[in-house]
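Colleague: Using the numbering used here, read the sequence shown as starting at 80 and increasing by one per residue.
Note that CB positions come from ideal geometry on N, CA and C, so glycine has one too.
To start, I am sharing the structure in question, which I have written as structure tokens.
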Amino acid sequence: MALTKVTAAVLEPTAVTDNISTGSISSDKIANNGVTQAKLEARYKAQAEISTLTGTVSFDCSIASSFKLSGDLTGAYTIDLSNYKKGQVISIWPLKSQSVTLDAQGTSSNTFYKVGGVDYDNTTSSLLQIECVDDSSTAPVFFYSIATYASDNTI
80 MALTKVTAAV LEPTAVTDNI STGSISSDKI ANNGVTQAKL EARYKAQAEI
130 STLTGTVSFD CSIASSFKLS GDLTGAYTID LSNYKKGQVI SIWPLKSQSV
180 TLDAQGTSSN TFYKVGGVDY DNTTSSLLQI ECVDDSSTAP VFFYSIATYA
230 SDNTI
């Protein structure tokens, strides 16, 4: 009878925890290409329709990252962000026809920094993109940019 040589690979231990009650399993490592679009929270891939076009309107960033307005703004407009996360980019479109103010759920202050030198032109459709860089509950910080857009498949 011939002997067969067996080689065993030693794997680096990975901390894995599970929670039987919720059915969740977590690890401190993610396999290459292990995060897919299907696995992302809605906040990073969903679009919400907004039909309120005047006044102070709540934009719940836990349910979507893209917010599509149903038409042109009809009065002064305040975008009141809530439930945002650091690193989340929020897109709001089409903005047109009225002045817009940005607000968030900070209990002390909210800081919004404009990126680039483009100002909002309320005479044409615009896309507003806001990135949360600090999701502090007291003093959140955001960077934003705004740009007009038009349908065009050439660059």
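My parser needs the beta strand (DSSP E) runs of 3 or more residues fully inside the segment 178 to 220; what are they?
Modeller: DSSP runs (the beta strand (DSSP E)) wholly in the segment 178 to 220: 179 to 183, 190 to 193 and 205 to 213.
Colleague: Considering Cα atoms alone, identify which of Glu128, Lys175 and Leu148 is closest to Thr286.
Modeller: Absent from the model: residue 286. The displayed extent of the chain is 80 to 234, so no value can be given.
Colleague: From which residue to which residue does the beta strand (DSSP E) around Ile158 run?
Modeller: Here the beta strand (DSSP E) through Ile158 covers Tyr156 to Ser161.
Colleague: Quick one: Cα of Thr235 to Cα of Thr157, how far?
Modeller: Outside the displayed span of the chain (80 to 234) sits residue 235, for which this structure offers no information.
Colleague: Going by C-alpha distance, which of Ser170, Asp213 and Asn232 is nearest Ile129?
Modeller: Comparing Cα positions, the closest option is Ser170.
Colleague: Using alpha carbons as the reference points, say which of Ile234, Pro219 and Gly196 lies closest to Ile225.
Modeller: Taking only the C-alpha atoms, the option nearest Ile225 is Gly196.
Colleague: Which residue marks the beginning of the beta strand (DSSP E) containing Glu128, and which one marks its end?
Modeller: It spans Gln126 to Ile129 - the beta strand (DSSP E) in which Glu128 sits, taken as one unbroken run.
Colleague: Using DSSP with H/G/I as helix, E/B as strand and the rest coil, what is Tyr123?
Modeller: Here Tyr123 sits in helix by DSSP.
Colleague: Taking 7 Å as the CB-CB cut-off, is Ser205 touching chain C?
Modeller: Absent here is chain C; the protein component of the structure consists of one chain.
Colleague: So for Tyr228, helix, strand or coil by DSSP?
Modeller: Tyr228: coil per DSSP, three-state reduction.
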